[in-house]
Structure formats: structure tokens, C-alpha cells
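Just so you know, the protein sequences line up as chains Y and V, in that order.
Per the working numbering, residue 1 is the first one in the first sequence, and the count goes up by one each step.
Per the working numbering, residue 299 is the first one in the second sequence, and the count goes up by one each step.
Note that the Cβ used here is the ideal one computed from N, Cα and C, for glycine as well.
What follows is one structure encoded as C-alpha cells, with my remarks underneath.
2 protein chains.
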Amino acid sequence: MAKIIEFIPNFSEGRRQDVIDALVGEASGVPGVTLLDHSSDPSHNRSVFTMVGSPDGIEEAAFRLCKLAGERIDMTKHTGEHPRMGATDVMPFVPVKEVDINECVDLSKRVAERIWRELKIPSFLYEISASRPERANLAAVRKGQFEGMPGKLLLDEWAPDYGDRQIHPTAGITAIGARHPLVAFNVNLSTSDIKIASAIAKTIRGSSGGFKYCKALGVMLEDRNIAQVSINMVNCEGTPLYRVFEAIRAEARRWGVTIVGSEIIGLTPAKALADCAEYYLQIEGFDYKKQVLENHLL
Amino acid sequence: MAKIIEFIPNFSEGRRQDVIDALVGEASGVPGVTLLDHSSDPSHNRSVFTMVGSPDGIEEAAFRLCKLAGERIDMTKHTGEHPRMGATDVMPFVPVKEVDINECVDLSKRVAERIWRELKIPSFLYEISASRPERANLAAVRKGQFEGMPGKLLLDEWAPDYGDRQIHPTAGITAIGARHPLVAFNVNLSTSDIKIASAIAKTIRGSSGGFKYCKALGVMLEDRNIAQVSINMVNCEGTPLYRVFEAIRAEARRWGVTIVGSEIIGLTPAKALADCAEYYLQIEGFDYKKQVLENHLL
Numbered sequence: 001m002a003k004i005i006e007f008i009p010n011f012s013e014g015r016r017q018d019v020i021d022a023l024v025g026e027a028s029g030v031p032g033v034t035l036l037d038h039s040s041d042p043s044h045n046r047s048v049f050t051m052v053g054s055p056d057g058i059e060e061a062a063f064r065l066c067k068l069a070g071e072r073i074d075m076t077k078h079t080g081e082h083p084r085m086g087a088t089d090v091m092p093f094v095p096v097k098e099v100d101i102n103e104c105v106d107l108s109k110r111v112a113e114r115i116w117r118e119l120k121i122p123s124f125l126y127e128i129s130a131s132r133p134e135r136a137n138l139a140a141v142r143k144g145q146f147e148g149m150p151g152k153l154l155l156d157e158w159a160p161d162y163g164d165r166q167i168h169p170t171a172g173i174t175a176i177g178a179r180h181p182l183v184a185f186n187v188n189l190s191t192s193d194i195k196i197a198s199a200i201a202k203t204i205r206g207s208s209g210g211f212k213y214c215k216a217l218g219v220m221l222e223d224r225n226i227a228q229v230s231i232n233m234v235n236c237e238g239t240p241l242y243r244v245f246e247a248i249r250a251e252a253r254r255w256g257v258t259i260v261g262s263e264i265i266g267l268t269p270a271k272a273l274a275d276c277a278e279y280y281l282q283i284e285g286f287d288y289k290k291q292v293l294e295n296h297l298l
Numbered sequence: 299m300a301k302i303i304e305f306i307p308n309f310s311e312g313r314r315q316d317v318i319d320a321l322v323g324e325a326s327g328v329p330g331v332t333l334l335d336h337s338s339d340p341s342h343n344r345s346v347f348t349m350v351g352s353p354d355g356i357e358e359a360a361f362r363l364c365k366l367a368g369e370r371i372d373m374t375k376h377t378g379e380h381p382r383m384g385a386t387d388v389m390p391f392v393p394v395k396e397v398d399i400n401e402c403v404d405l406s407k408r409v410a411e412r413i414w415r416e417l418k419i420p421s422f423l424y425e426i427s428a429s430r431p432e433r434a435n436l437a438a439v440r441k442g443q444f445e446g447m448p449g450k451l452l453l454d455e456w457a458p459d460y461g462d463r464q465i466h467p468t469a470g471i472t473a474i475g476a477r478h479p480l481v482a483f484n485v486n487l488s489t490s491d492i493k494i495a496s497a498i499a500k501t502i503r504g505s506s507g508g509f510k511y512c513k514a515l516g517v518m519l520e521d522r523n524i525a526q527v528s529i530n531m532v533n534c535e536g537t538p539l540y541r542v543f544e545a546i547r548a549e550a551r552r553w554g555v556t557i558v559g560s561e562i563i564g565l566t567p568a569k570a571l572a573d574c575a576e577y578y579l580q581i582e583g584f585d586y587k588k589q590v591l592e593n594h595l596l
């Protein structure tokens, strides 16, 4: 059984096709690594790559991509809607198979050390790799963005985890960390009132008293004129999809609103779906690892 | 992407450990084949093996196991509760990955031809491989069992698909065929009245007007004193688990009965569970092949 890690780097380039192509070429050229998907958003001016591979392959790919992005992207000239602070903005490592989350933490630290030593790009460790609780949340780490980082790094509590107290002049600073598989799960409501979606989001997200591993906010789907609870499930083992879904259904009742549908954006681990089937079908004593055929083929 | 077929032979031996061990050894020794599971039931006097492998590997394993079972099992001396007609009683081939059901049909015919030619064991083709509709159903094919087969084979409509109109004197006759993945799915009711389980089973099974790919009967779980609808889902793509589950819930209402739980016996394809999550979570536009992470690793 081979170890597999998922790696989902975000780059601050979503417009110049030659740069995107170069990153794709680099990602595709690392032995032991498979690029599953990449998508670029011009208005965000940002690209997200999804790859899987052996721990060694992923570690090497992380370094090479960070190097190339640093050479080709100049953050002093970057504009876009999405918050960002570095050419390689964030590098999450996710355990997929036969890998412990702690192996991903160790890997993230080795990558952070190397990009400082060889590329002089500083970094913050975030999520499970975070050196302090307040650094676990990417939004808190990135607050101030590229332009605010020179000042932020001088604050007592915001020294980089790797590197000096100054950003790389053009590549900025990078967030690096291990995290659990994240599922982007959105739930659509039978209302066009975003206030209802926002109120429901508040009840389910961990930061305001809801589920520990759930982040959520209300958004409008303009094209369908319906409100949506947009959710990041950051640990589907700790907080399963069905539990959040049923909580939304229950909260929606107070507004006379129903769930009209949901969507999963991008990838999900098979187990996150199997856990839902197990709940709704009331399956007793199910052994996911043994009883799912494909688990014997991986 | 490698082709994978699942093979689940049933042998008419569940008591003599030396014979079971010999079959396990043979199954484990074929290149390209992995024995996932085997279980033996002394009261049934029967063993069920589950293996996966390449088409070539499975084809060879089927022949070798049938040969060994024919040498070690004498059906004239066999007793047991489970219906049976041959030393190797039934050999189903199931497409698992990158394999079409028709490839399994072709494989089943090659195996049937070879065991007749080299071992003089005749066979019926059943399920998807059946040469006539009335042979699709294993129970119809096996009716009369080992003791009734010499007479049955002389009937106009029951000539073997491969072989002469007489059984092998000790190995009997074998059913061979391709089938879709089968999920053994049992639903437990809040009643000890087996008549209710039987009545519900009748409403959901294809043979009495229910779902085409669903076989069901009512049974008692003596140790828990509850009635159970025992189901074989013979094609979860055609008739999904959740649809049968919700139909049982609806039928149970007329008896004032609820579902207290369910169980899946043995293996299930991951997609059968994902389809249920998709239904209950109302996921819109889900692309199973692309969006489930593990599908990129297989």
C-alpha cells in the first residue's frame, strides 16, 4: 500500500496563460506526482492546482512550484479580488492514504525550511502545522495581505515561522501547512433573502458556536436568485456532512424555508459520502475499510 | 488503468477444513489475483470466496478452483441446508473497473467451455450470460438440485449450455455467469411479526411487481426477536439502495412499523453508497467519477 498525499497550492496568477502553462508543466514533470486538476480565475487573478503523489514527490513538487512562481510572479504588480500575500499564496498538504496528519505536518516544515534556505521566501505555518493557535486560521494569517505584510511582520506576534522579519520583495510570503481533507459544500435555500442564509451560516459555523470543523457564510446565487449557505467542511471525520445538512434543514424551518439542493465543489473523499449513506440508511456496524470494494483495490 | 473483475465462486464444502484450506491455497496462488475474503458455513456445508484480479488471472483462477473442487468434493455424499447442484456450485463474474459487463459474459463462456473440454463438468450459463430468459435466475436453474439434475437435463428445455445431457458423476453441474455487483442489504423492522416483513418484501421485489433489480424476502432475526426484510440488490445502478429503503419505510407505515436499522453484508461498491449521499443531501450535478478523490488513485 503506497502512501499518498494531496497537495493543493494556490498561486497569485490567474490571467497570464504562459505563466499558468509553465506551472502546469512543472507540476506535471515531477516523478511520483499526478496533477489532477487546475483552475484559474481571472477576476481573482489566482490559480488552484490539485495534485496527488508520494510524500517525496509532493515535497519536491512543492519546492519546484514555489521556486517557479517566485521567478514568474511579481506581487508588487498583482491585483485581484481574492485576498493574497505571496506568489505562492498557500500550500496545504492533505493526508489521503496510509499517511498520518503528522507526516504532513513534518513535510510542511521541511518545505518551509527549504524555501527559506534556498529561495529566501519566508512563511507562516498554518492549520494543523500552526506554531500557535491564532495562526491556525488562514484568514487571520493573511490579514493585511501582501501590501500590509512588511508592517505586520514587525509586530511582536507576527514573526514568520521560517525566515527573517521581512517579505521576499516580489514573491511575498507563503502560508504552509497540513490540513484534513476539505470539502466545499454549498446548500441552496428556497429564498432570495441572503439574510436568512447568513443567519443559518452563523448557527452552523464553529467560530460562532456551531460545529467545530465547519466554516460557513451566506452568499447570493445571482443567476438563480436564491440564497446559499456556502460551507467549508475542514474535517469531515470530525463533523460529517449529514450533520451540518440536517442542522441547516432544522434552522431553515424557523424561516419557513426549505433546502432546494446542494453542491460539492471539486473533490471529496469517498468516505465523506459513505458516512452520509451510513447515517441515512441507518446501517448498523458498517466497516468502511473492509466492506467497500474499492478499498481493496487502492 | 488496469481492468479488474470480481469473482465470487461458491463451493459445496463448508465442513472439511483440509478441503477449504486447499481451495484457499489454490485461490491465493494465481498470479494477478487477490483473495479478499472467504467464509464457510457448516450447516450450509458451503464456502463463498471473494477475489479480485485481472481478467486473465480471474479466468485462470476459475478453472483451477473448479478443477480442484471437482477432485476433492463428491456431491453424491454432500448434505447441507443450502440448495446446490455442483462441487463448484456457482461462479459469478462481476465487472469492477474499466471492464464492461459483456467482457465478463465472454469470460464466463470461455470458462464454461474449458471446464467441459478439460474436466467434463457441464454448466448452465445464468444471469447476464444466460442463453434464454428463464435461465437468468439462479434459483430456477438450480431447482431440483444435484439429486434431480440427471432427470432435469433430459427435459427439452434444460440441456446444459456446455456439455452433454448428463452431470459429472461426482462434481455435478455448475452455474456460470456475468452479473452486476450485488449488494446484500437487510432492513430491520420494529416488529417481531415476520408476516409484516414478508408482506413488505413482496411489495419491493421485482418478481412480484416491485423494483426490477431487487430480490427480497422476510426473515426472523431470532436473537433480536425482530423481523427483517432481507434483500439482494442485483444492480445498484438500476435500482439504488435509497429508493428501496424509502419504499420500505413507506410500506412499513401501514403497519405502524418503523425501520430500526439496516445492514450491508460483505462488500459494496463505493458508488452504491455515494448515490445514497447524493440523494439524501440533494447534491446537484455531482460527477462521481471526477469528484471523488479516490477515483483518481485507482
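- Against chain Y, a Cβ distance below 8 Å from isoleucine 302 of chain V picks out Leu297.
- The shortest C-alpha to C-alpha distance from serine 40 of chain Y to any of Y:Ser28, Y:Val30, Y:Pro9 is the one to Y:Pro9.
- The region 224-293 of chain Y is shown to contain whole beta strand (DSSP E) runs of 3 or more residues at 226-233, 259-265, in chain order.
- Counting along the chain, threonine 501 of chain V sits inside the alpha helix (DSSP H) bounded by residues 492-502.
- Taking 7 Å as the cut-off between beta carbons, the residues of the region 581-594 of chain V near chain Y are Ile581, Glu582, Gly583, Phe584, Gln589, Val590, Leu591, Glu592, His594, in sequence order.
- Valine 331 of chain V is outside the set of residues whose beta carbon lies under 9 Å from a beta carbon in chain Y.
- Scanning the region 135-190 of chain Y for uninterrupted alpha helix (DSSP H) segments of 4 residues or longer gives 138-142, 145-152, listed from N- to C-terminal end.
- Across the region 248-270 of chain Y, CB contacts with chain V closer than 8 Å involve Ile259, Val260, Gly261, Ser262, Glu263, Ile264, Gly266, Leu267, Thr268, Pro269, Ala270, in sequence order along the chain.
- The beta carbon of cysteine 364 of chain V is closer than 6 Å to those of Thr386, Ile413 in its chain, skipping five residues each way along the sequence.
- Residue range 399-417 is occupied by the alpha helix (DSSP H) that includes lysine 407 of chain V.
- Inter-segment contact for the region 451-469 of chain V and the region 406-425 of chain V is present: three or more beta-carbon pairs are separated by less than 8 Å.
- Listed along chain Y, the residues sitting closer than 9 Å to lysine 395 of chain V by beta-carbon distance are Glu294, Leu297.
- In this structure, DSSP gives leucine 321 of chain V a helical state, which the three-state scheme calls helix.
- When CB distances to chain Y are screened at a threshold of 7 Å, the residues of the region 344-356 of chain V falling below it are Val350, in chain order.
- Between the region 394-410 of chain V and the region 483-500 of chain V there are fewer than three inter-stretch CB-CB distances shorter than 8 Å, so the stretches are not counted as touching.
- By the Cβ-count criterion, alanine 570 of chain V is buried, with 16 or more other Cβ atoms from all chains shown falling within 10 Å of its own Cβ.
- By the neighbour-count criterion, in which 16 or more other beta carbons inside 10 Å mark a residue as buried, proline 567 of chain V falls on the buried side.
- Considering only beta carbons, no part of the region 499-514 of chain V lies closer than 9 Å to chain Y.
- In this structure, V:Phe305 is the residue among V:Tyr577, V:Asp316, V:Phe305 with its C-alpha nearest to the C-alpha of glutamate 357 of chain V.
- Looking from the CA of methionine 51 of chain Y, the closest CA among Y:Leu35, Y:Arg64, Y:Met233 belongs to Y:Leu35.
- Residue burial is scored here from C-beta neighbours: isoleucine 265 of chain Y has fewer than 16 other C-beta atoms within 10 angstroms and is therefore classed as exposed.
- Where glutamate 6 of chain Y is concerned, the enclosing beta strand (DSSP E) starts and stops at 4-7.
- Between arginine 503 of chain V and phenylalanine 391 of chain V, the CB-CB gap reaches or exceeds 9 Å.
- Taking a contact as a CB-CB distance under 8 Å, the pair leucine 321 of chain V and serine 345 of chain V counts as one, their CB atoms being some 7 Å apart.
- Contact between leucine 539 of chain V and phenylalanine 245 of chain Y does not hold, since their C-beta atoms are separated by about 18 Å, which reaches or exceeds 8 Å.
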